[in-house]
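Those sequence lines, one after another, are chains F and R.
Start counting the first sequence at 1; every next residue gets the next number (our numbering).
Start counting the second sequence at 1001; every next residue gets the next number (our numbering).
By construction, the Cβ of each residue, glycine as well, lies at the ideal position given by its N, Cα and C atoms.
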Amino acid sequence: MKLKLGSYYADRLNLNGDQANISVLAKRAAAYGLAVEVSGVFSESDLDGVDLLVIGHGSIAAWASIQGAEELLAAVAKAEILSLAIGSGAERFAAANNMSVVSGERSSRFEEHRLQIGDREFELVGYANTATTDLKTKWFGQAILSTLHGPLLAKNPQLADWLLEEVAKRRGAELPPEPETLAELDALASAARRDALR
Amino acid sequence: MRYAPALLFARLLRWGIRRVRKGGGSALPGVLLARLAPGILYRVLSSFRDGLVVITGSAGKSTTTKMAVAILEAHGVEVFTNPTTANILQGFYSTIAAQASLSGKVRGQVAVLEMDEGHAAELVSKVKPKHSVILNVVEDQLDRFVDPAYVAEKLLKVAQATTGTVHLNADDQNLVAFESKLATGAKPPHSDRVVIWFGLDEVIANHGRGLGYAPTYSAPLARPAVQTQVFSLQDRATRVKTSRGELGFALPARGSHFAVDAVAAISLCETLLAEPDLALFAKTLDEIPPVFARGEIIEVEGQRLELVLVQNPASTQLNIDALSSNLECIYFGIGRDVHDPSWLWTVTLPDWRAVAITAGYNANEAALFLKYSGVEPGQVIPDDIPASLEAFLALPAPSSGIKTLIISADVMRRMRRHLGFETPEAVRQ
């Protein structure tokens, strides 16, 4: 089984190190013994066979240069592709799929978000620099939308592993128990989360 | 004399703090002076015979300012300038608190100030610069500026407020876009404003990862006619062609971004000086010491330490790329100044196997970044900079004889304080 991780315009939607989420998923998948292929997504035709799509955070100029983003993000939701959209990627995803969000005063700080997916609950820590006040981190259709930008999965490995588990399940497989090789990374992630909320 | 009491209070506060803490005392007097006499800043900056020069942009402000001031002083010009660490409004007040007479006067024919891009836009709404140098727009301090487009807007305000010459970097498409916005409709005192472009030869500008300016992701605008250009760069040896001739000198450190700083300073000084002596330009630039840990080598306890500043994605990438590829003993320190360490994850590290010590306020996130990048973070020492530095110094000397510290400004400041350097510029014992 080879998992296909899609990355939407990886070269443009990486303003805050958002593409690190792809490398975190790839590294952890390898540790679990799962083969991974990372594939660039630029149009709807690139979505074929994508198990998980990551949509990062981009500058105003980056989004302005991407043609058909709204249509593609609507197609992703319609096709129920498991997705992680962060920062402006989450805001664009919400707008493309008629999810109303409220704007207010911009805040720029580390935040703690609670995410509920079915009976699973995650306490996530990451940096948000947004004027979107009510989105936080939400499960929407088959997408996780989060205003926490940057390397969200690095600091929150429990969410990275849930995504891998979900991808494996959809392919009829099970994620094996967490290998010891990830213990040091998880300890650093835990320390970084703790530091972020000082 | 209406500013005398405020200046006296600020001066006393500075004196008191410096008695308690060596090298300290620069920030609070500025805060006090800004509170007691906010108008003094605008009065002082409007008082120079040859006007106010603003040097701003995302990266390279310190080096460019240092180079320009050195060239001007070598030509006998008396310059009022600010220290590297004081480039925001409060810092200008601190500089005035330190340098003004009690009557509120400071010495100098011209003020050449390095300015933070956010604060520059605010300041020029009150004092119009006669000349400005705008270096670039990079993806920097996004926790504060949010988006490079907003930085470009602030820099455009500086250019539009300038009454004399605006020196712009022709290799940054964000700034090339200013050309049409500056060309038409200017009214007095801006109607005589002239835009002068500086830059690097195309091959040099595009070498390696390029100069790291914020991408515009749009069709490239035509490069304007460049008046002052670097046409040769071999390691640190640089040759520049100006409208008056050619000059050659060595940069204070390797890296094409330093060549940008040099050519910007040359462009400005050619405008400011009535009789610019290019040979003196070259001699002065040759003698510029490294600025505030951009590739400087210091000696501590008989060991040679190379300091590399981590400031924003582009300059960090360029500074790391410019290092030797086979470093043996590395200290990686990310301090409190990096409010959002997310951007670290945009940096591509060379083929390092490990660093020896990861330190600073953000040590754990830095270690996580290193480990996911395939680099072992070594000993992780958050917060305690003196202990981490001592641990690093205790490690055996590498065969190259040089240990490398890749550090943010906050870590560097704490190290300097621990080592007893009293000012940011004091690097050698």
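106, 108, 109 and 110: these are the residues of the segment 98-114 of chain F whose beta carbon lies less than 9 Å from some beta carbon of chain R, given in chain order. In this structure residue 126 of chain F touches residue 152 of chain F by the C-beta definition: roughly 5 Å separates them, less than 8 Å. Of all C-beta pairs linking the segment 1127-1142 of chain R to the segment 1052-1063 of chain R, three or more are shorter than 8 Å, placing the two stretches in contact. With the criterion set as a beta carbon lying under 8 Å from some beta carbon of chain F, the segment 1231-1246 of chain R has no members that meet it. Here DSSP, grouped into helix, strand and coil, assigns residue 1334 of chain R to coil. Not a single unbroken stretch of the beta strand (DSSP E) spanning 3 or more residues falls wholly within the segment 1264-1292 of chain R. When the Cα atoms are used, residue 192 of chain F and residue 1342 of chain R turn out to be separated by approximately 12 Å. Here the segment 1343-1363 of chain R makes contact with the segment 1376-1391 of chain R; the two share three or more CB pairs at distances below 8 Å. The criterion of a C-beta distance shorter than 8 Å is satisfied by residue 1155 of chain R and residue 1137 of chain R. Scanning its chain for C-beta atoms nearer than 8 Å, with the 5 sequence neighbours on each side dropped, one finds around residue 1193 of chain R the residues 1162, 1163, 1164, 1165, 1166, 1182 and 1186, in chain order. Residue 1042 of chain R is outside the set of residues whose beta carbon lies under 8 Å from a beta carbon in chain F. Excluding five sequence positions before and after residue 141 of chain F, the CB atoms of its chain that fall closer than 6 Å to its own CB belong to 77, given in chain order.
Taking 8 Å as the cut-off, the Cβ atoms of residue 1334 of chain R and residue 1327 of chain R do not count as close. Below the 8 Å Cβ cutoff, chain F contributes 15 and 59 as neighbours of residue 1139 of chain R, in chain order. Annotation: the continuous alpha helix (DSSP H) that includes residue 1005 of chain R extends over 1004-1020. With contacts defined as CB atoms closer than 8 Å, residue 58 of chain F and residue 106 of chain F fail to qualify as a contacting pair. Taking residue 97 of chain F as the centre and dropping the five residues before and after it, the same chain places the C-beta of 73, 74, 77, 140 and 141 closer than 8 Å to its C-beta, in chain order.
Between residue 1027 of chain R and residue 1103 of chain R, the C-beta gap is not smaller than 8 Å, which leaves the two residues out of contact. Taking all protein chains in view, the Cβ of residue 1058 of chain R is crowded by 16 or more other Cβ atoms within 10 Å, so the residue is classified as buried. Against chain F, the CB of residue 1217 of chain R has a partner CB under 8 Å away; the residue lies at that interface. Residue 117 of chain F: member of the beta strand (DSSP E) spanning 103-117, first to last residue. Around the beta carbon of residue 1318 of chain R, 16 or more other beta carbons sit within 10 angstroms, so the residue counts as buried.
With respect to the 8 Å criterion, residue 1119 of chain R and residue 1089 of chain R are classified as neighbours on the basis of their beta carbons. If you look at residue 27 of chain F, you'll find it in the alpha helix (DSSP H) that goes 20-31. Listed along chain F, the residues sitting closer than 8 Å to residue 1146 of chain R by beta-carbon distance are 106, 108 and 129.
Here the C-alpha atom of residue 1282 of chain R lies approximately 32 Å from the C-alpha atom of residue 1215 of chain R. Pairing residue 1239 of chain R with residue 1250 of chain R gives a Cβ-Cβ distance that is not under 8 Å.
In the DSSP secondary-structure assignment, residue 1090 of chain R is not bridged to any residue. With 16 or more other CB atoms across the displayed protein chains lying within 10 angstroms of its CB, residue 1066 of chain R is buried.
Taking each of F:145, F:79, F:189 and F:172 in turn and checking the Cα distance to residue 1 of chain F, the smallest one comes out for F:172. DSSP places residue 1197 of chain R within a strand segment (E or B) once states are collapsed to three.
Taken in chain order, the unbroken stretches of beta strand (DSSP E) that lie wholly in the segment 1296-1359 of chain R and span 3 residues or more are 1303-1310 and 1330-1333. Annotation: residue 1408 of chain R to residue 49 of chain F spans about 42 Å, alpha carbon to alpha carbon.
Taking a C-beta distance under 8 Å as the contact criterion, residue 1075 of chain R and residue 1280 of chain R qualify as a contact pair.
Look at residue 90 of chain F: its C-beta is not under 8 Å from any C-beta on chain R. In this structure, the straight-line span from the alpha carbon of residue 1227 of chain R to that of residue 1338 of chain R is close to 37 Å.
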